[in-house]
Structure formats: C-alpha cells, structure tokens
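Q:
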Amino acid sequence: MEFNGPRSASSSEPPSPPATRPRERADAARNRAKVLAAAAKLFRDRGVDGVSMDAVAAEAGVGKGTLFRRFGDKSGLAVALLDERERELQAAILSGPAPLGPGAPAAERLAAFVDAYLEHLLGHLDLVRMSETASPGARYRIGAYRFWCHHVAILLTEARPGCDAGPLAHALLAPLAAEHMTALVAEYGEARAREAVRALVLG
Numbered sequence: 001m002e003f004n005g006p007r008s009a010s011s012s013e014p015p016s017p018p019a020t021r022p023r024e025r026a027d028a029a030r031n032r033a034k035v036l037a038a039a040a041k042l043f044r045d046r047g048v049d050g051v052s053m054d055a056v057a058a059e060a061g062v063g064k065g066t067l068f069r070r071f072g073d074k075s076g077l078a079v080a081l082l083d084e085r086e087r088e089l090q091a092a093i094l095s096g097p098a099p100l101g102p103g104a105p106a107a108e109r110l111a112a113f114v115d116a117y118l119e120h121l122l123g124h125l126d127l128v129r130m131s132e133t134a135s136p137g138a139r140y141r142i143g144a145y146r147f148w149c150h151h152v153a154i155l156l157t158e159a160r161p162g163c164d165a166g167p168l169a170h171a172l173l174a175p176l177a178a179e180h181m182t183a184l185v186a187e188y189g190e191a192r193a194r195e196a197v198r199a200l201v202l203g
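For the sequence shown, full-length UniProt numbering gives the first residue as 1, with consecutive numbering after it.
In structure tokens:
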C-alpha cells in the first residue's frame, strides 16, 4: 500500500515524527483559530447536523468566502478540528510509552491501539463520521486513516508472520468506521458497541 504520511513505529522500524504543518501567516493563523473555536462551540451546542457554514462564519466573525476557501465545507472543518487529537494519538503510537508506543509485543500494541482509537472515535463520533462520509470513499483518502492502516499492517506482520498484512489491516479497521459505530451506539449504547468491536477485532 502506498503511504505518504508519517510512518508507524515498530520494534523493527525506527519511529518518524508526525508531519508538521507549514507555517501560516499570523492573520491566517488567527482566522483559523477563530473559525475552529467557533465550529467546535456550535457543533457542541447544536450538533454537527444543526450547524451551517454560514453560522460558523458569523460566529467566527469572518467572511463566508474566507471560510469556504480555507476549509471547503463542513467535512473540511471536521478534519481540521480532529487534526490535533489525531496528531496526539499518532505521537503516542510513534514514541509514547508501551504498549501503545514501541517496546511491547505486537499483539499487545494492537490491542492498545484499538482501545485508544475507540476512545478517540467515540469521543468525536459525529466529527469523524462527517469527515469519513463527505464523499464516496472519503474515509480511505484521509491521511490519518492511512497512518492507522500502515501502523496496523506493521503490527500484523510482526504478530502473524506470513499474513497478507495490507488487506488484513483494512479488514481489521472496517468495524471501526464511524458510520458503523454510529449505528451500533444508537441501537446498543456506547459500552456494548465498544465491547462488540473489541471482541470482533481482537478475537
């Protein structure tokens, strides 16, 4: 699988730091911070589906043109809002303490990743769902998804020598899709949904 983002750490591969953002102009950085703060507040207060881009622009005090040029649509806002949290999780995978970080057996690291990712997913479910379903196949084009998939493939290669790790990593991540988790949580509640996915993915 082609992979252009940060590479995941394993016992046989030295970690690389997550990619850093290009430096922004001061005014652009201020506008970005205002927009993200406004979007986070509105999404929290009204729910993702109840917020328009016009409402975000008004709350942030920026022009609609600025908002659309910078983020495109609500899915672009969702990706930007998730970015910091995803970078924190990536950093923990690459260089944090075991078992999520390097130094533990691959099977333990895989279990730790699933637990950490479920915590992230369930804490930001509406935003992740929006980012993953903005267009057909959007989930698989997100840089963070490619990072998770590469990391899981490395661990599977170590835990199951000889396995076809690439497609197996995608198959393992499939139950962790936000649309799937949204349906499970709605029908069975968060605790049962979490345990069902853990049982399926980790065996």
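All C-beta atoms in this analysis are idealised placements derived from N, C-alpha and C, irrespective of residue type, glycine included. Remember, it's a predicted structure, so these values are computed and weren't measured experimentally.
What's the gap between the Cα of Glu86 and the Cα of Ala144?
A: To locate residue 86, count along the sequence shown from 1; it is residue 86. To locate residue 144, count along the sequence shown from 1; it is residue 144. One C-alpha to the other measures close to 7 Å.
Q: What is the C-beta distance between Ala159 and Ala107, in whole angstroms, given that I count them as a contact (C-beta under 8 Å)?
A: If you number the sequence shown from 1, residue 159 lands on position 159. If you number the sequence shown from 1, residue 107 lands on position 107. 5 Å between Cβ atoms; contact.
Q: Given that a residue counts as buried once 16 or more other Cβ atoms are within 10 Å of its Cβ, and exposed if not, what is Leu200?
A: Counted from its first residue, the sequence shown places residue 200 at position 200. Flag for Leu200 reads exposed.
Q: Quick one: give me the first and last residue of the alpha helix (DSSP H) that Arg44 is part of.
A: Within the sequence shown, the letter at position 44 stands for residue 44. 26-46 is the span of the alpha helix (DSSP H), which, as asked, contains Arg44.
Q: Can you tell me whether Ser135 is buried or exposed? The criterion is at least 16 other CB atoms within 10 Å of its CB, across all chains shown.
A: In the sequence shown, the residue the question calls residue 135 occupies position 135. Ser135 comes out exposed.
Q: Can you round the beta-carbon distance between Phe113 and His150 to whole angstroms, since I take them to be within the 8 Å contact cut?
A: Position 113 of the sequence shown, counting from 1, holds the residue named residue 113. Position 150 of the sequence shown, counting from 1, holds the residue named residue 150. That pair is no contact at about 12 Å.
Q: Where does Leu81 land, buried or exposed, given buried means 16+ other C-beta within 10 angstroms?
A: Residue mapping note: residue 81 aligns to position 81 of the sequence shown, counting from 1. Leu81 should be labelled buried.
Q: Looking at the structure shown, is Cys163 part of a helix, part of a strand, or coil, going by DSSP?
A: Taking the sequence shown and counting its residues from 1, the one referred to as residue 163 is at position 163. Here Cys163 sits in coil by DSSP.
Q: Grab the span of the alpha helix (DSSP H) containing Asp54 for me, first residue to last.
A: As a position in the sequence shown, residue 54 is number 54, starting the count at 1. Start and end: 53-60.
Q: For Tyr188, is the beta carbon positioned less than 8 Å from some heavy atom of the ligand GDP?
A: In terms of ligand content, the structure shown is empty, and the ligand GDP therefore cannot be addressed.
Q: Taking the continuous alpha helix (DSSP H) assigned at Gly65, which residues delimit it?
A: Counting from one through the sequence shown, the residue named residue 65 turns up at place 65. Start and end: 64-71.
Q: How about the region 63-71 and the region 117-129: do they share at least three Cβ pairs that are nearer than 8 Å?
A: No, the region 63-71 is not in contact with the region 117-129.
Q: Do the CB positions of Ala116 and Ala98 come within less than 9 Å of each other?
A: Reading the sequence shown from its first residue, position 116 is the one you call residue 116. Reading the sequence shown from its first residue, position 98 is the one you call residue 98. No, the Cβ-Cβ distance between Ala116 and Ala98 is not below 9 Å.
Q: Would you tell me roughly how many angstroms separate the C-alpha atoms of Pro14 and Ala169, rounded to the nearest one?
A: Residue mapping note: residue 14 aligns to position 14 of the sequence shown, counting from 1. Residue mapping note: residue 169 aligns to position 169 of the sequence shown, counting from 1. Model confidence at Pro14 stands at a pLDDT of 35, short of 50, so the residue's coordinates are unreliable; what they give is reported in the following sentence. Answer to the nearest angstrom: the Cα atoms are 20 Å apart.
Q: Would you mind stating whether Lys41 and Met53 have Cβ atoms separated by less than 9 Å?
A: Numbered from 1 along the sequence shown, position 41 holds the residue referred to as residue 41. Numbered from 1 along the sequence shown, position 53 holds the residue referred to as residue 53. The answer is no: Cβ separation not under 9 Å.
Q: Put Pro99 into one of helix, strand or coil per three-state DSSP.
A: Here residue 99 corresponds to residue number 99 of the sequence shown, with the count starting at 1. Correct three-state label for Pro99: coil.
Q: Are the beta-carbon atoms belonging to Ala39 and Leu94 less than 9 Å from one another?
A: Here the question's residue 39 lines up with position 39 in the sequence shown. Here the question's residue 94 lines up with position 94 in the sequence shown. Going by C-beta atoms, Ala39 is not nearer than 9 Å to Leu94.
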